[in-house]
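In my numbering, the protein residues as written are 1 to 398.
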């Protein structure tokens with residue numbers, strides 16, 4: 001595994017060196033934040049959740065979106081999807097690691113994390129929704145580690161996997177994938193002092209947008225594998241993911257339109273956050289370009305995906321997936337988390353825009369996550385394709 005993870009052509013080394021550099025810059029920025037305190041960020045007592053929690057929310061959806069490969073492969077026994085299902089499961093692992101990283105950097109004193117550990121601290125389960133989030137995220141990580149580890153181990157040894165040891169875990173992970181984003185949505189919905197989040201549509205919107213961003217990223221990964229390596233990636237898996245995106249992106253836009261109608265048609269003081277987000281409020285409009293950019297990107301992506309032959313035009317497909325991914329990232333981050341705090345519970349408007357420290361830390365975590373995902377694919381694909389096995393390694397060293 002160490003050899004496979006570190007061997008490649010010049011493009012692989014350039015990619016990994018670039019990601020390593022960005023990750024180190026992010027690590028340095030986080031060290032500055034830990035040393036100097038959260039005051040070096042642009043977060044305040046008014047807006048206490050910023051870019052970090054925005055990315056955390058998005059990454060939870062990305063992890064859940066990986067299940068869109070698991071369902072066709074195991075529930076409907078699709079052979080094309082079964083050959084590349086490991087790509088989605090590995091994405092879930094990398095995304096959950098990034099989720100946990102974003103939570104850690106959002107802690108002003110990460111060394112005090114032990115206060116919520118059961119036994120030596122107070123976990124506050126089941127009262128606190130945060131404890132539910134801790135359980136479902138770590139549980140989903142362990143489930144996918146077991147599935148990927150067991151299947152790769154058996155494939156490497158040339159043995160047939162025993163369904164009793166992984167099929168029940170696969171079906172459990174499908175339900176668990178839905179739970180991680182539902183619990184995250186409930187965490188926001190349960191905050192009565194933040195009316196922008198008090199909507200019954202929040203959890204369905206979270207899941208729908210996750211089933212847009214997840215398949216979009218997986219398609220980009222499959223296209224990269226197809227054109228940058230010798231591994232065969234069939235069109236069947238990509239067609240299924242595109243069909244999923246065609247449905248979910250329209251549902252996501254419909255839910256967004258429903259939310260906008262409810263907010264602006266009913267009116268009232270509780271719609272102030274929505275007014276601030278979409279049109280600005282009392283001269284404050286820092287988030288207006290973000291949300292309208294998100295809507296434009298998502299609509300354009302939907303138009304491209306609706307083209308009947310989009311799968312036959314890789315450039316168009318990559319563009320559509322990139323637009324959808326960026327649009328959902330803005331919508332679930334800067335377009336969802338930040339306006340929940342503006343105006344404050346005292347009706348004060350304190351705007352928030354991330355500063356350099358926050359952007360560098362965020363970029364570092366993304367780079368580290370992409371490194372984990374790249375290494376995981378570098379190890380998994382040769383084993384799944386049969387290029388690497390215990391028998392071949394024994395012959396090589398004989």
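Even glycine gets a Cβ: it sits at the ideal position worked out from N, Cα and C.
None of the values given here were measured: they were computed from a predicted structure.
Go to residue i, then tell me how far its alpha helix (DSSP H) extends in each direction, as first and last residue.
i: residue 337; result: Run containing residue 337: none; DSSP gives neither H nor E here.
i: residue 305; result: 288 to 305
i: residue 165; result: 163 to 189
i: residue 312; result: No alpha helix (DSSP H) holds residue 312; DSSP gives it neither H nor E.
i: residue 264; result: 235 to 266
i: residue 149; result: 129 to 157
i: residue 52; result: 51 to 65
i: residue 4; result: 2 to 6
Helix, strand or coil: which one does DSSP assign to residue i?
i: residue 282; result: coil
i: residue 356; result: helix
i: residue 215; result: helix
i: residue 39; result: helix
i: residue 118; result: strand
i: residue 78; result: coil
i: residue 200; result: coil
i: residue 47; result: coil
i: residue 193; result: coil
i: residue 347; result: coil
i: residue 226; result: helix
i: residue 388; result: coil
i: residue 9; result: coil
i: residue 107; result: coil
i: residue 72; result: helix
i: residue 396; result: helix
i: residue 124; result: coil
i: residue 373; result: helix
i: residue 342; result: coil
i: residue 160; result: coil
Taking the alpha carbon of residue i as the reference point, which residue from the options has its own alpha carbon closest?
i: residue 326; options: 212, 236, 352, 380; result: 212
i: residue 241; options: 3, 149, 67, 355; result: 67
i: residue 175; options: 154, 380, 281, 71; result: 71
i: residue 384; options: 48, 161, 208; result: 161
i: residue 101; options: 154, 223, 58; result: 58
i: residue 45; options: 270, 341, 357, 195; result: 341
i: residue 147; options: 39, 345, 164, 238; result: 164
i: residue 373; options: 261, 97, 49, 151; result: 97
i: residue 315; options: 40, 219, 152; result: 219
i: residue 178; options: 61, 4, 369; result: 61
i: residue 32; options: 391, 380, 356; result: 356
i: residue 361; options: 17, 5, 8, 55; result: 55
i: residue 43; options: 368, 105, 223; result: 105
i: residue 143; options: 90, 283, 233; result: 90
i: residue 222; options: 9, 381, 136; result: 381
i: residue 85; options: 377, 229, 292, 392; result: 377
i: residue 312; options: 207, 347, 236; result: 236
Around the Cβ of residue i, are there at least 16 other Cβ atoms within 10 angstroms (buried) or fewer (exposed)?
i: residue 108; result: exposed
i: residue 167; result: exposed
i: residue 118; result: exposed
i: residue 183; result: buried
i: residue 2; result: exposed
i: residue 267; result: exposed
i: residue 36; result: exposed
i: residue 157; result: exposed
i: residue 387; result: exposed
i: residue 133; result: buried
i: residue 264; result: exposed
i: residue 306; result: exposed
i: residue 257; result: exposed
i: residue 332; result: buried
i: residue 159; result: exposed
i: residue 209; result: buried
i: residue 346; result: exposed
i: residue 9; result: exposed
i: residue 254; result: exposed
i: residue 110; result: exposed
i: residue 228; result: exposed
State whether the stretch 158 to 176 contacts the stretch 112 to 122, with contact taken as three or more CB pairs (one from each stretch) at a distance under 8 Å. Counting C-beta pairs closer than 8 Å gives fewer than three between the stretch 158 to 176 and the stretch 112 to 122, which falls short of the contact rule.
Between the stretch 261 to 281 and the stretch 333 to 352, can you find at least three pairs of beta-carbon atoms closer than 8 Å? yes
Are at least three pairs of beta-carbons, each pair with one atom in the stretch 185 to 202 and one in the stretch 290 to 308, less than 8 Å apart? In short, these stretches do not touch, since the Cβ pair count stays below three.
Please confirm if the stretch 122 to 135 is in contact with the stretch 236 to 251, defined as three or more CB-CB distances below 8 Å between the two stretches. no
Touching or not, the stretch 75 to 84 and the stretch 193 to 201, by the rule of three or more beta carbon pairs under 8 Å? no
Using 8 Å as the threshold, is the stretch 317 to 332 in touch with the stretch 213 to 227, meaning 3 or more CB pairs across them? yes
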